[in-house]
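Q: The structure follows.
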């Protein structure tokens, strides 16, 4: 399968615990995005990487959230001291490099990680 | 601030009953408008991109059109397997690389 993959698919944790999610983008995609989606809503942008550089962060991304993409390939999203309001689907997407796609910024999504905070 | 609304919130159709979904947006400089399909518990699946008003594209029973303020996703003779949530997203010149998504339209096609 050459699509975007995410791990784990489901995570149940207790309030106050730390969790980490992993995203593996499509291999030739150097642009990577994290979104959060709650029930009945569309995805909300969290952060954007171009290669290993984190270039954009939403104001929704509190200081308990941190994302990394150390070698410009896979990315991790960590949530510290989880709260019940963090329960959501966390989606990762990737897209082709700008030099190949230009303004054709078509983002391809992974299956998501469903987080439940008890 | 860029905003996207979608209507109706939910739509129930009989198999074969054609209809349209609406996506209205306010964005300062549209770079692109994107339609996705999302099945329960899964990530959004890319359907179409629109970059300029007047464009149309077709994919099986789906056709997307774009004007300066809205986009329509036309569904012709839908089948039960078309049941899903359809999401619209815009990318504006002031919002970098991220998309602003609408809340989606939940489509149910009954056999």
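Chains as they are written, first to last, in this note's numbering: chain R, 1 to 118; chain X, 1 to 111.
A virtual CB, placed ideally from N, CA and C, is assigned to each residue, including glycine.
(1) Could you tell me whether any Cβ in chain X is nearer than 7 Å to the Cβ of residue 42 of chain R?
(2) Go ahead and pull the three-state DSSP assignment for residue 63 of chain R.
(3) So the alpha helix (DSSP H) residue 100 of chain R belongs to, where does it begin and stop?
(4) By the DSSP assignment, the beta strand (DSSP E) with residue 113 of chain R in it spans what residues?
(5) With 9 Å as the C-beta to C-beta threshold (strictly closer), list the residues of the segment 87-103 of chain X near chain R in chain order.
(6) Using three-state DSSP, classify residue 6 of chain R as helix, strand or coil.
(7) From residue 74 of chain R to residue 91 of chain R, what does the alpha carbon distance come to, in whole angstroms?
(8) Kindly list, in the order they appear in chain X, the residues whose Cβ is closer than 8 Å to that of residue 48 of chain R.
(9) Which residues in the same chain as residue 68 of chain R place their Cβ atom closer than 6 Å to its Cβ, once the five residues preceding and following it in sequence are excluded?
(10) Please return the same chain residues whose Cβ sits closer than 6 Å to the Cβ of residue 81 of chain R, not counting the five positions on each side in sequence.
(11) Which residues share a DSSP beta bridge with residue 106 of chain X?
(12) Between residue 25 of chain R and chain X, is there a C-beta pair that is closer than 7 Å?
(13) Name the chain X residues that come within less than 7 Å of residue 107 of chain R, Cβ to Cβ?
(14) At 9 Å on the CB atoms, spell out the chain R contacts of residue 26 of chain X, in chain order.
(15) Name the one or two DSSP bridge partners that residue 31 of chain R has.
(16) For a contact meaning CB atoms closer than 9 Å, what does residue 31 of chain R contact in chain X?
A: This is what the structure holds:
(1) If you number the first chain from 1, residue 42 of chain R lands on position 42. By the rule that beta-carbons nearer than 7 Å mark a contact, residue 42 of chain R touches chain X.
(2) Start at 1 with the first residue of the first chain, and residue 63 of chain R comes out as number 63. The answer is coil: DSSP assigns residue 63 of chain R none of H, G, I, E or B.
(3) As a working note, residue 100 of chain R is residue 100 in the first chain. DSSP places residue 100 of chain R inside the alpha helix (DSSP H), whose first and last residues are 98-101.
(4) Sequence index remark: in the first chain, residue 113 of chain R carries index 113 (1-based). Per DSSP, residue 113 of chain R belongs to the beta strand (DSSP E) from 113-117.
(5) The residues in question are 87, 88, 89, 91, 95, 96, 97, 98, 99, 100, 101, 102, 103.
(6) As a working note, residue 6 of chain R is residue 6 in the first chain. For residue 6 of chain R, the secondary structure class from DSSP, reduced to helix, strand or coil, is strand.
(7) For the purposes of this step, residue 74 of chain R is taken as residue 74 along the first chain, with counting starting at 1. For the purposes of this step, residue 91 of chain R is taken as residue 91 along the first chain, with counting starting at 1. Near 14 Å, if we compare the C-alpha coordinates of residue 91 of chain R and residue 74 of chain R.
(8) Sequence index remark: in the first chain, residue 48 of chain R carries index 48 (1-based). Residues of chain X passing the Cβ test: 96, 97, 98.
(9) In the first chain, the residue the question calls residue 68 of chain R occupies position 68. Cβ within range, chain order: 76.
(10) Taking the first residue of the first chain as 1, we reach residue 81 of chain R at position 81. In chain order, 16, 64 place their CB closer than 6 Å to the CB of residue 81 of chain R, counting only its own chain and leaving out the 5 sequence neighbours on each side.
(11) Residue numbering aside, residue 106 of chain X sits at position 106 when the second chain is read from its first letter. Its beta-bridge partners are X:10, X:85.
(12) Here residue 25 of chain R refers to the residue found at position 25 when the first chain is read from its first residue. No, residue 25 of chain R lies away from the interface with chain X (no Cβ there is under 7 Å from its Cβ).
(13) For the purposes of this step, residue 107 of chain R is identified with residue 107 of the first chain, where counting begins at 1. Neighbours of residue 107 of chain R in chain X, taken as residues whose beta carbon is under 7 Å from its own, are 99 in chain order.
(14) Taking the first residue of the second chain as 1, we reach residue 26 of chain X at position 26. Neighbours of residue 26 of chain X in chain R, taken as residues whose beta carbon is under 9 Å from its own, are absent, since the nearest beta carbon is some 15 Å off.
(15) As a position in the first chain, residue 31 of chain R is number 31, starting the count at 1. Answer is R:50, R:95, bridged to residue 31 of chain R.
(16) The count along the first chain starts at 1 and reaches residue 31 of chain R at position 31. Those within 9 Å of residue 31 of chain R in chain X are 97.
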